[in-house]
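Below is one structure; the comments refer to it alone.
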Amino acid sequence: MATPRRNGQLSSCEPCRTSKLRCDHVSPICGRCERRSLHCTYHPAPLTQPLTGIRPKKKRRVVCESDHPSNVNRLHNENDLWTRKKASVSTPGFLGQTSYFDAFTDTRTGLLVGNPYVTGHDSFPVDQKRINLGARVLALLENLPFYREVVTARFKIWTGWSLGWPVTNMVFTLAEKMWNSLETEGMDTNQRALFLSKRLFETHNRALEVHPSMTWEDFQSAAAGRWELIGLLFTLTGLATDWIPHSDRIFMRPNTMDPKSLAITATAVGDICLQFCDSTGIVNDIVAWFLLHHTTLLAVVYGESGLLFRSLPANIA
Numbered sequence: 001m002a003t004p005r006r007n008g009q010l011s012s013c014e015p016c017r018t019s020k021l022r023c024d025h026v027s028p029i030c031g032r033c034e035r036r037s038l039h040c041t042y043h044p045a046p047l048t049q050p051l052t053g054i055r056p057k058k059k060r061r062v063v064c065e066s067d068h069p070s071n072v073n074r075l076h077n078e079n080d081l082w083t084r085k086k087a088s089v090s091t092p093g094f095l096g097q098t099s100y101f102d103a104f105t106d107t108r109t110g111l112l113v114g115n116p117y118v119t120g121h122d123s124f125p126v127d128q129k130r131i132n133l134g135a136r137v138l139a140l141l142e143n144l145p146f147y148r149e150v151v152t153a154r155f156k157i158w159t160g161w162s163l164g165w166p167v168t169n170m171v172f173t174l175a176e177k178m179w180n181s182l183e184t185e186g187m188d189t190n191q192r193a194l195f196l197s198k199r200l201f202e203t204h205n206r207a208l209e210v211h212p213s214m215t216w217e218d219f220q221s222a223a224a225g226r227w228e229l230i231g232l233l234f235t236l237t238g239l240a241t242d243w244i245p246h247s248d249r250i251f252m253r254p255n256t257m258d259p260k261s262l263a264i265t266a267t268a269v270g271d272i273c274l275q276f277c278d279s280t281g282i283v284n285d286i287v288a289w290f291l292l293h294h295t296t297l298l299a300v301v302y303g304e305s306g307l308l309f310r311s312l313p314a315n316i317a
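Using the UniProt record's numbering, read the sequence shown as starting at 1 and increasing by one per residue.
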């Protein structure tokens, strides 16, 4: 017979309880078990009885249809469709590969060297106004020994720098060879500056190709005769003034610029040289060095909140 549970309700028979059906609690056989001819029993504590068995797992029906002719044809059609689809999206574009699958098929091991889109233009028209502006910049190289002495004094304070002394010395050496070349012998400062300005506009737009087997002498030859090299020279000189005390004997000589004026002049020259590089689309290692140090110089001279400084980090990126 059905016994009341703790909540006051009558307990269900075992067939109704296991089937989770409503029981009418009739003794000795409930109405549902009577209609279905089931063995109706009432257990006083059904949850304490041991498990009578585990429901067997249903066997999955395994059907091998791969050998059927229709399925083989369908598989070939799907492979052909995927091949055509992969070929339609794997054509390299202007910016490179266009499919994620090409990462596994691209066998290129290095970057493209000598890309005409990033090295500059073969021919660039230069007007006389731009040549005269370049001559005004190069006329400042008359004080080149003074600039070298300022940078050398900075390395005496601390030898560490982003470029280091070998590259810095190369920049000044190439500028000194250009300024004191035999072609300019007998010219005054203005004539020499105008002559070299024309020469730089003729040579600075050539590609600077750097490769692993390149020697130090080859790099110096490729770096000579470039506006970015002139801009880097003045930028390094301007940055050196932030390290040297303003009371140093270098700045106490007659007819020499004070540190503040030298730094401001370096920023102006750097802006002009960057304009020359931008106008021809020059992008190389020296331009990257020049742009990075020029941005630092602007932060030193005008502060990080200055308009000139805030306009350059985007170009570096």
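Here a beta-carbon is modelled for each residue, glycine too, at the ideal position from N, C-alpha and C.
Quick caveat, the model's predicted, so the values are computed rather than measured.
Limits of the alpha helix (DSSP H) - the one that residue i falls within
i, result
"G238", "W227 to A240"
"A175", "G164 to W179"
"T159", "No alpha helix (DSSP H) contains T159, which DSSP labels as neither H nor E."
"L208", "Where L208 is concerned, there is no enclosing alpha helix (DSSP H), given that its DSSP letter is neither H nor E."
"E185", "Premise fails: E185 is in no alpha helix (DSSP H) and is neither H nor E."
"D218", "W216 to A223"
Residues bridged to residue i [DSSP beta-bridge criterion]
i, result
"L10", "P4"
Simplified DSSP assignment, three categories, for residue i
i, result
"C33", "helix"
"C16", "helix"
"P28", "coil"
"L292", "helix"
"G270", "helix"
"C40", "coil"
"L21", "coil"
"R130", "helix"
"P254", "coil"
"N115", "For N115, the predicted structure reports a pLDDT of 45, less than 50, and the residue's modelled location is therefore unreliable. A value from the coordinates is still provided. N115: coil per DSSP, three-state reduction."
"N143", "helix"
"I244", "coil"
"P259", "helix"
"I264", "helix"
"V301", "helix"
"V287", "helix"
"A193", "helix"
"S279", "helix"
Cβ-based neighbour list, residue i, same chain, cut-off 6 angstroms, excluding 5 preceding and 5 following
i, result
"G303", "none"
"R199", "none"
"S12", "C23"
"N284", "L208"
"G134", "S197"
"V300", "D242"
"S213", "none"
Candidates the options: closest to residue i by CA position
i, options, result
"Y42", "R36, R35 and D24", "D24"
"R253", "Q128, I157 and E149", "E149"
"P145", "L174, R35 and Q128", "L174"
"residue 319", "N180, D188, V171 and F195", "Past the boundaries of the shown model lies residue 319; the chain is included only from 1 to 317, so the question cannot be answered."
"D278", "F201, D218 and P245", "F201"
"L141", "G160, P166, T189 and D127", "T189"
"K156", "D248, G225 and N132", "D248"
"M257", "Y147, T18, L194 and G164", "Y147"
"L233", "N7, N205 and E176", "E176"
"T295", "G231, S261 and T280", "G231"
"P28", "G160, E14, R130 and T48", "E14"
"F127", "N169, L194 and T152", "The residue you asked about is not Phe; residue 127 is Asp in the sequence shown. Ranking N169, L194 and T152 by Cα distance to D127 puts L194 first."
"R226", "T184, W179 and M187", "W179"
"R17", "N7, R36, C40 and G8", "C40"
"N205", "K260, P46, A222 and S261", "A222"
"P46", "T3, W158, V26 and C30", "T3"
Sequence-distant residues of the same chain with beta carbon closer than 7 angstroms to residue i, five excluded per side
i, result
"E228", "C273, C277, I282, I286, V287 and F290"
"Q220", "M170 and L174"
Other residues of its chain near residue i: CB distance less than 8 angstroms, five sequence neighbours each side excluded
i, result
"L297", "T235, G238, L239, A263, A266, T267 and G270"
7 angstroms Cβ cutoff, residue i in contact with chain C
i, result
"P15", "The chain labelled as chain C is not found in the depicted structure, where only one protein chain is given."
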